[in-house]
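Read the structure below first, then the notes.
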Amino acid sequence: MGLLPYLPPMAQEVEEIVPDSEYRGLVRHLPTGSRPYWLLARFDRPIGAWLLFWPGAWVIALAGHAADRWDLILWMGLGAIVMRGAGCVYNDIVDRDLDRKVARTAARPVASGRVGLKAAWAWLGLLCLIGLVILVQFNLTAAITAVASLGAVAAYPFMKRITWWPQAWLGIVFSWAALVGWPAVAGGFAPPMWLLFAGSVFWVIGYDTIYALQDIEDDALAGVKSSARALGRHARSGIGLCYLIAIGCWISALWQVRPQLLALAALLPVGLHLVWQVARLRTGDSADALAKFRSNRFAGLLMFLGCLVVGSTA
């Protein structure tokens, strides 16, 4: 399978002190040879799949089809798991040299040599085949829209080399499910979908800037660009502004579906949660940054509930 018979000493040392590639949960009980592949796809870290899933679930709920098209929500969830895994594999293949320069990522399977390049590409191909099976469950418009995202996905790993705002590109990639979910249930595109998508882009920029705070020193040494480095001591304000724009877009989206105060009240929980994130964020504390980043799966749930209330009562 392209595995090296041992873990290089440097990677062993890093793995002892860095939690980004350790075996935990279900992975510890898998056959030894398969563990690096699960880690490579981040199947042990579902936060990324949650964040990729939520925008697609939002639009289905806001369109008023959460109850009668629950099957599409399930397919969207499975697709998020598989394609997020594929994205991680591709990202690690492209970033293997940079990953070796950052303490948190040096022990990742490709960077450390536990998974060879040929094996990584084969694993990526298998995940994409599974994704294709999921893709055919959607109508033609939704399927074509999903395929159109591949260019943005392929370009993302290179953004950190050419722009200080790779988080903006990630925002497009991680919000794309909104452009797939709406036509999947409505047959076409509509202004509320675009507003939800735009708000999601700024939400992603905000939470991924928080995530980037973990690596700000190592990124500077490795020459990796990020919004966290670009904002510097203004990171909290920048994150807050992104969240504010996101809420503004979401208010507009929900108001178009139901122009009543309920649309505003439905967003109050997620709005308060985002305020809490910004207010309590300790920008110099990597552990706190990771915790605040992970809390966005709950923010996504609160947004889903808001869309569900408005969409089901419109």
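Residue numbers (my numbering): 1227 to 1540.
Here a beta-carbon is modelled for each residue, glycine too, at the ideal position from N, C-alpha and C.
Fair warning: this is a prediction, and the values are worked out from it, not measured in the lab.
DSSP on residue i, reduced to helix/strand/coil?
i	result
residue 1291	coil
residue 1333	coil
residue 1317	helix
residue 1241	Model confidence at residue 1241 stands at a pLDDT of 38, short of 50, so the residue's coordinates are unreliable; what they give is reported in the following sentence. Residue 1241 falls in the helix class under three-state DSSP.
residue 1386	helix
residue 1327	coil
residue 1416	coil
residue 1277	helix
residue 1428	helix
residue 1357	helix
residue 1262	helix
residue 1538	helix
residue 1363	coil
residue 1256	coil
residue 1341	coil
residue 1233	Caution applies to residue 1233, whose pLDDT of 34 falls short of 50 and renders its modelled position unreliable; the value that the coordinates give is listed next. Correct three-state label for residue 1233: coil.
residue 1409	helix
residue 1400	helix
residue 1454	helix
residue 1423	helix
Leaving out five residues before and five after residue i in sequence, what residues of the same chain have Cβ atoms less than 8 Å from its Cβ?
i	result
residue 1462	1504, 1507, 1509
residue 1306	1275, 1276, 1278, 1279, 1282, 1403
residue 1468	1428, 1429, 1431, 1432, 1435
residue 1256	1264
residue 1560	Outside the shown range of the chain (1227 to 1540) lies residue 1560, about which nothing can therefore be said.
With a CB to CB cut of under 7 Å and the five nearest residues on each side skipped, what residues in its chain are close to residue i?
i	result
residue 1424	1475
residue 1291	1411
residue 1521	1503
Quick one: what's got a C-beta closer than 6 Å to residue i's C-beta in the same chain, skipping five residues either side?
i	result
residue 1243	In this prediction, residue 1243 scores a pLDDT of 36, lower than 50, which makes its location untrustworthy; no coordinate-derived value is stated.
residue 1456	1390
residue 1479	1418, 1421, 1422
residue 1386	1392, 1450, 1451
residue 1303	1279
**Request:** Note down, one range per segment and in chain order, each alpha helix (DSSP H) of at least 4 residues found wholly within the segment 1460–1536.
**Result:** 1461–1483, 1487–1491, 1494–1506, 1512–1520
**Request:** Report yes or no: do the segment 1469–1476 and the segment 1427–1444 share at least 3 C-beta pairs separated by less than 8 Å?
**Result:** yes
**Asked** With contact counted as at least three CB pairs below 8 Å, one residue from each stretch, are the segment 1524–1533 and the segment 1284–1302 in contact?
**Response** yes
**Asked** Are the segment 1339–1350 and the segment 1308–1319 touching by the rule of at least three beta carbon pairs closer than 8 Å?
**Response** yes
**Message:** Tell me whether the segment 1259–1267 and the segment 1382–1400 touch, counting them as touching only if at least three CB pairs, one residue from each stretch, are closer than 8 Å.
**Reply:** no
**Request:** Answer yes if the segment 1327–1339 comes into contact with the segment 1355–1369, meaning at least three C-beta pairs across the two stretches below 8 Å, and no otherwise.
**Result:** no
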